[in-house]
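Beneath this line is the structure, given in structure tokens, with notes to follow.
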Amino acid sequence: MYNYILKNRCVMDIYLKLETPLHVGAESELTRKPIVRLKVNGKYLPVIPAESIKGSLRNLAGKLAKTMEFSNPIVNDAVKYHDKDKHEGENIRKYSSEAEAQIKEIFSEEQIEELSLDDKLEYYFSLNCPICRLFGGRGVSAKINFFDAYPLVNEERKTPKIAAYTSTSIDRNLGVALEGRLYSIEFIEPSKLLRFNLKAIAENIEPGSNESMVLARLIDCILLDGFTLGGVKSKGFGLMRIDEKNSKIKIANLILPPRSLDEIKDNVLKILMKNEKCIEYDLREFTKWLTTHR
924 MYNYILKNRC VMDIYLKLET PLHVGAESEL TRKPIVRLKV NGKYLPVIPA ESIKGSLRNL
984 AGKLAKTMEF SNPIVNDAVK YHDKDKHEGE NIRKYSSEAE AQIKEIFSEE QIEELSLDDK
1044 LEYYFSLNCP ICRLFGGRGV SAKINFFDAY PLVNEERKTP KIAAYTSTSI DRNLGVALEG
1104 RLYSIEFIEP SKLLRFNLKA IAENIEPGSN ESMVLARLID CILLDGFTLG GVKSKGFGLM
1164 RIDEKNSKIK IANLILPPRS LDEIKDNVLK ILMKNEKCIE YDLREFTKWL TTHR
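Read in order, the letters of the sequence shown correspond to residues 924 to 1217 in my numbering.
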């Protein structure tokens, strides 16, 4: 069984801007589709849920990973077989013996007896899949965790403007408009000053590892083209870009093993990002760090 040891921590302070209107929906209310709001300092503000961000980025990372070549054939096949957070393929069972061997290193005999071959294969591929290692998978904790993104509101930046448009409901079976069936969709209007602050924490990111290479490719892609999330994409909604100038990454490399009380204190301060030895990068510097082979 594996013991978790924290080796490093990356705190990402990212600022997002809307290129097009954004609709991330809450529970529908009959003919109205509201956006997600949360109460912040006494005001209800539109927020972008962490799960929406993670889902969008995971999907994009999966597509990018399939265009990459990895040195380990098992990793290449894990990415090849990765499909919507699980692994499927015609030749997947050729790894049965390898899966059995790796599973024995993780689970007890009693636990293994309860696992089907498909379960063992899924665990095996998740452990070797850089997409799952980065975002989480069957039996694998995510190395990166996202938090809800909130709009910056101050004297300069006002509360985001919310608008709505009305459309006709569509019969999904016939593909025709339903006469008299109208519904409205709320959305956040883009503006020059509007920024959403997204925070994410990544742990045990090893430069040059397969998951680090995927993360670097993901960041490079977003810096170039942005990414989409939310609903109503068919009407051009949901294009987000990063405010590169104001986005920063802080990295804390821990002293392992700490050999004195001072080193223990240093590690605690690093974890809290309150140590002057923490390294601060912009996003492009961070991708260079990610792709450095050690």
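C-beta atoms are modelled at their ideal positions from N, C-alpha and C, and glycine is treated no differently. For clarity, every value in this text was computed on a predicted model and none was experimentally measured.
Residue i and residue j closer than 7 Å at C-beta
i     : j     : result
R955  : S1107 : yes
H1005 : V1155 : no
P957  : E1109 : yes
V1191 : A984  : no
A907  : L1121 : Outside the shown range of the chain (924 to 1217) lies residue 907, about which nothing can therefore be said.
F1119 : K977  : no
L1057 : I1067 : yes
A1053 : E1134 : Note that residue 1053 is Pro in the sequence shown here, rather than Ala. Cβ distance < 7 Å, so P1053 and E1134 count as in contact.
G1062 : Y1046 : yes
K1007 : N1127 : no
R960  : P972  : no
K989  : A1022 : no
Per DSSP, cross-strand counterpart(s) of residue i
i     : result
H1005 : H1010
S1107 : R955, T1089
G948  : I958
T1151 : L1162
G1060 : V1063
F1069 : A1123
R932  : E1126, A1175
K940  : R1164
V963  : K966
Environment of residue i [buried if 16+ CB atoms lie within 10 Å]
i     : result
G1131 : exposed
T1220 : The displayed coordinates of the chain run from 924 to 1217. Any statement about residue 1220 would go beyond what the structure contains.
D1000 : buried
L1213 : buried
A1024 : exposed
G1153 : buried
A1086 : exposed
V963  : exposed
R932  : buried
Y927  : exposed
Supposed contact pair residue j and residue i - C-beta distance, whole angstroms, cut 8 Å
i     : j     : result
M935  : A1125 : 7 Å
M1196 : K1173 : 5 Å
A1175 : K1188 : Not quite, the Cβ-Cβ distance comes to about 13 Å (not below 8 Å), so this is no contact.
Inter-stretch contact (C-beta, 8 Å, three-pair minimum) for the segment 1160-1177 and the segment 1135-1149: yes
Below 8 Å, can you find three or more Cβ-Cβ pairs linking the segment 937-944 to the segment 1112-1127? yes
If contact is defined by three or more beta carbon pairs under 8 Å, each pair taking one atom from either stretch, is the segment 1076-1086 in contact with the segment 1036-1043? no
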